[in-house]
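Below you'll find the structure, written out as structure tokens, and then a few comments.
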Amino acid sequence: MKHLHLLFVALVITSFLWRVYLAEKNPEKLAEKWLKILPHGLAAGLLLSGIGLVFQGNWADNYGWIVAKVLLMVAFIVLGIFTMKEQGSRRRAFLAGALLCFIYIVKIAVSKQVFFL
Ligand code: HEM
5 MKHLHLLFVA
15 LVITSFLWRV
25 YLAEKNPEKL
35 AEKWLKILPH
45 GLAAGLLLSG
55 IGLVFQGNWA
65 DNYGWIVAKV
75 LLMVAFIVLG
85 IFTMKEQGSR
95 RRAFLAGALL
105 CFIYIVKIAV
115 SKQVFFL
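In terms of this note's numbering, the numbers along the sequence shown are unbroken and rise by one, the last being 121.
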């Protein structure tokens, strides 16, 4: 299950960066139907595999970091949506915010600690 989760982590960030690239260089391609569906499928897979891991690992007693991950994942998705909608420097600002969220989620996942303590 963990490997599945990590596979979705890699696919989500790769497909996000690829779609930002397409939005800059080849926006018509983004209109293709499968490219519209793909990010939702990957995000659902990431969330479901994460929930699966919560049950597998008896994390119910120490859930603070999982709540933080879920909230940051929502923030990552919202910032990602703005990244795709905006252009120019505003797009770059939202992209930076989304990437910071993602990096922070990985930091929380590895340390199981929400803050830098
Ligand atoms: C963008 C979103 C996410 C990213 C980047 C991410 C990243 C990661 C990474 C890198 C690990 C491996 C940590 C390690 O082996 O030390 C992990 C494990 C895990 N993740 Fe996520 N995750 C995300 C979303 C979620 C969500 C939404 C949930 C829960 C609903 C979740 C629950 C878990 C659990 C329970 C583990 C297993 C911890 C363990 O047993 O060591 N993750 N995640």
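No residue lacks a Cβ here, since even glycine has one placed at the ideal position from N, Cα and C.
Minimum Cα-Cα distance from residue 6 among the listed residues 114, 31 and 119 corresponds to 114. For residue 26, the enclosing alpha helix (DSSP H) stretches over residues 6-29.
In the same chain as residue 86, and ignoring 5 residues on each side of it, the C-beta atoms closer than 6 angstroms to its own belong to 98, in chain order.
Selection 56, 75, 116 and 67 evaluated against residue 12 yields 56 as nearest (Cα-Cα). With a cutoff of 7 angstroms, residue 38 does not count as near ligand 1, since its C-beta is closer than that to no heavy atom of the ligand. Beta-carbon to beta-carbon, residue 34 and residue 27 are separated by about 6 angstroms, close enough to satisfy the 8 angstroms threshold. Note on residue 96: under 16 other CB atoms within 10 angstroms of its CB, so exposed under the neighbour-count rule. Nearest Cα to residue 111 within the set 60, 73 and 24: 73.
The alpha carbon of residue 101 has as its nearest neighbour, out of 93, 36 and 80, the alpha carbon of 80.
The Cβ-Cβ distance between residue 39 and residue 16 does not fall below 8 angstroms. For residue 6, the shortest separation between its Cβ and any heavy atom of ligand 1 lies below 7 angstroms.
In the displayed model, residue 60 falls within a helix according to three-state DSSP.
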